[in-house]
Amino acid sequence: MEVVQKRVAMLTNCEVLEFLKSQKKDEKSSEKLKMLNTVVWETRKYLQASPAATQNSDMIEQLLPKLKPFKLTTAETLQIINLRPSAPADIQLLVEETEERFPAEEELQNLVDAVTSTLPPPPPKR
Amino acid sequence: MYVISLLRDTVAIKPHELGKDQLAVVRRRLNQRLANKVVPDLGLCICVYDITEIGDSYILPGEGDCRASVSFRMIVFRPFTEEVIEAKVIASSRQGLTLSLEFFEDIFVPAQKLPEPHVFEDDGQVWYWEYEQEDGEPPAKLYMDPGKIVRFKVIDVVFKDLKPDLTLEEMKNEKSMEITGTMAGTGLGCVGWWTTEDDEEEEEEVEEQHHVQVKEELIDMGEE
């Protein structure tokens, strides 16, 4: 087997969960596809308990233009969608050099508000 | 956490499968071969995303299989360095903590990467973070025992080429892909440490609002 391109695109957790949900289960050959069924089931279990469980792609499409003025990198945007920070302290963890980039505390709060108003709260903790 | 990778592989289709939907057969073959497997320097394959191209097929002398070179995209678990991920503590020892994401359990946070100052309790074999309180009270012991949900930051992802002739015992200790993480830093460590009660209340409020909305919708439907 040959790896042509390591990373064509990055996926949000929500997209992965939606894709796995959309896949029909192949009942007949479940013995041969044991590994597939295991990893899909475990991934779904993990994602169902994460903020991705309550999100859908429409919400993410709504959020992206709102995040534009904050000039975040792709990786930072991805992290924000996956972890849905609900406090300025969470943003500091995900965004590098937060203090230099967001000197005004209000701006940070605006970012938090943009996220929490668009993405629903995560499912209750496990 | 997840990326899409473009891969190419040769897939053999058995003669009795030639009458079936080729895309489905190829997809199943690839899933059988790669799902839940670590590809060195790539990551853990979850499942086939789509098949982009099936090349010309050929038949080798002496067999009936129809072989074709297939290009396909795969959903792969491959965290990037500095990525923050939530995981569950599953094991604790003097060396550090082992974390689990359900589908991936080879995540290790070495003792020196735990929040400072950290103390290991022999009784119970658990780690706690000695959190200095401001009002002069004795420091709080914040435990990181198995079962807790924690956030960690990825420092490194190491791949190892495993020999195929390992015994079961050796297989358990050898990891083909291992993530090293850190929990030292603001916002890292147990999820509960950083959420203040205000946040939780706010979440509950939103939750309640949602319930009210649902109820209203139900009433509307009833009226119609």
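First to last, the sequence lines map onto chains A and B. By full-length UniProt numbering, the letter at position 125 of the first sequence is numbered 125, and the numbering carries on one by one without gaps. By full-length UniProt numbering, the letter at position 73 of the second sequence is numbered 73, and the numbering carries on one by one without gaps. Heads up, the beta-carbon is just placed ideally off N, CA and C, and yes, glycines get one too.
| query | Going along chain B, which residues have a C-beta under 9 Å from A/Asn13? | reply | The count along the first sequence starts at 1 and reaches residue 13 of chain A at position 13. Met1, Tyr2, listed in chain order.
| field | Among A/Val40, A/Val112, A/Val4, A/Lys32, nearest to A/Leu20 - alpha-carbon criterion | value | Here the question's residue 20 of chain A lines up with position 20 in the first sequence. Minimum Cα distance to A/Leu20 is reached at A/Val40.
| Is the shortest distance between the beta-carbon of B/Cys47 and the beta-carbons of chain A less than 8 Å? | Sequence index remark: in the second sequence, residue 47 of chain B carries index 47 (1-based). Chain A, which has a Cβ nearer than 8 Å to the Cβ of B/Cys47, makes this yes.
| Which ranges would you report for the alpha helix (DSSP H) in the UniProt domain "RNA polymerase III subunit Rpc25" (83-194) of chain B if only whole runs of at least 4 residues count? | Entirely contained in the UniProt domain "RNA polymerase III subunit Rpc25" (83-194) of chain B, the alpha helix (DSSP H) runs reaching 4 residues are, in chain order, 168-173.
| Supposed close pair B/Val157, B/Met177 - CB separation, criterion 8 Å | Position 157 of the second sequence, counted from the first residue, corresponds to residue 157 of chain B. Position 177 of the second sequence, counted from the first residue, corresponds to residue 177 of chain B. Indeed, because the Cβ distance is near 7 Å, the residues count as touching under 8 Å.
| request: Answer with buried or exposed for B/Gly19, where buried requires no fewer than 16 other C-beta atoms within 10 angstroms of its C-beta. | output: Sequence index remark: in the second sequence, residue 19 of chain B carries index 19 (1-based). B/Gly19 counts as exposed, since fewer than 16 other C-beta atoms from the protein chains shown sit within 10 angstroms of its C-beta.
| query | From the DSSP output, which residues share a beta bridge with A/Gln5? | reply | In the first sequence, residue 5 of chain A corresponds to position 5, counting from 1. Answer is B/Leu6.
| field | Backbone CA spacing between residue 226 of chain B and B/Gln112 [nearest angstrom] | value | Residue 226 of chain B lies beyond the stretch modelled for chain B, which goes from 1 to 224, so this question has no answer here.
| task | Identify the contact partners of A/Ser50 in chain B, using a Cβ-Cβ distance below 9 Å as the criterion. | result | For the purposes of this step, residue 50 of chain A is taken as the residue at position 50 of the first sequence. The answer, in chain order, is Glu86.
| request: Return the CA-CA distance between B/Gln95 and B/Pro110, expressed in angstroms with no decimal places. | output: As a position in the second sequence, residue 95 of chain B is number 95, starting the count at 1. As a position in the second sequence, residue 110 of chain B is number 110, starting the count at 1. Just so you know, the alpha carbons of B/Gln95 and B/Pro110 end up roughly 6 Å apart.
| field | For B/Ile59, the three-state DSSP class (helix, strand or coil) | value | By 1-based counting over the second sequence, the position of residue 59 of chain B is 59. Here DSSP, grouped into helix, strand and coil, assigns B/Ile59 to coil.
| task | Keeping to the same chain, check which residues put their C-beta closer than 7 Å to that of B/Tyr143; ignore five residues upstream and five downstream. | result | Stepping through the second sequence from its first residue, residue 143 of chain B is reached at position 143. Cβ within range, chain order: Val126, Tyr128.
| query | Under the DSSP definition of a beta bridge, which residues are partnered with B/Cys66? | reply | Within the second sequence, numbered from 1, the residue matching residue 66 of chain B stands at position 66. BP columns for B/Cys66 point to B/Ile13.
| Any idea if A/Gln55 is buried or exposed, counting beta-carbon neighbours within 10 angstroms, 16 or more meaning buried? | On the first sequence, position 55 is the one that residue 55 of chain A refers to. Result: buried.
| message | Checking 8 Å against the spacing of the C-beta atoms, do A/Glu105 and A/Leu94 come in under that value? | response | As a working mapping, residue 105 of chain A is identified with position 105 in the first sequence. As a working mapping, residue 94 of chain A is identified with position 94 in the first sequence. The answer is no: Cβ separation not under 8 Å.
| message | Less than 6 Å between C-beta atoms, sequence neighbours within five positions excluded: which residues of the same chain meet that for B/Leu101? | response | As a first step, residue 101 of chain B is located in the second sequence; it is residue number 101 there, counting from the start. Taking B/Leu101 as the centre and dropping the five residues before and after it, the same chain places the C-beta of Ala87 closer than 6 Å to its C-beta, in chain order.
| Inter-residue Cα distance where the pair is B/Arg73 and B/Thr52 | One-based indexing of the second sequence puts residue 73 of chain B at position 73. One-based indexing of the second sequence puts residue 52 of chain B at position 52. The alpha-carbon of B/Arg73 is positioned some 7 Å away from that of B/Thr52.
| Looking at the unbroken alpha helix (DSSP H) that takes in A/Val40, where does it start and where does it end? | Within the first sequence, numbered from 1, the residue matching residue 40 of chain A stands at position 40. Counting along the chain, the alpha helix (DSSP H) containing A/Val40 begins and ends at 34-48.
| field | B/Lys160 versus A/Glu2 - alpha carbon distance | value | For the purposes of this step, residue 160 of chain B is taken as residue 160 along the second sequence, with counting starting at 1. For the purposes of this step, residue 2 of chain A is taken as residue 2 along the first sequence, with counting starting at 1. Their backbone Cα atoms lie some 18 Å apart in a straight line.
| request: Drop a sphere of 10 angstroms on the beta-carbon of B/Glu205, count the other beta-carbons inside from all chains shown, and report buried for 16 or more, exposed for fewer. | output: Counted from its first residue, the second sequence places residue 205 of chain B at position 205. A caution first: B/Glu205 carries a pLDDT of 47, below 50, which makes its placement in the model too unreliable to give a value.
| query | Is any beta-carbon of chain B found at less than 8 Å from that of A/Ala114? | reply | Position 114 of the first sequence holds residue 114 of chain A. Cβ-Cβ to chain B under 8 Å: no for A/Ala114.
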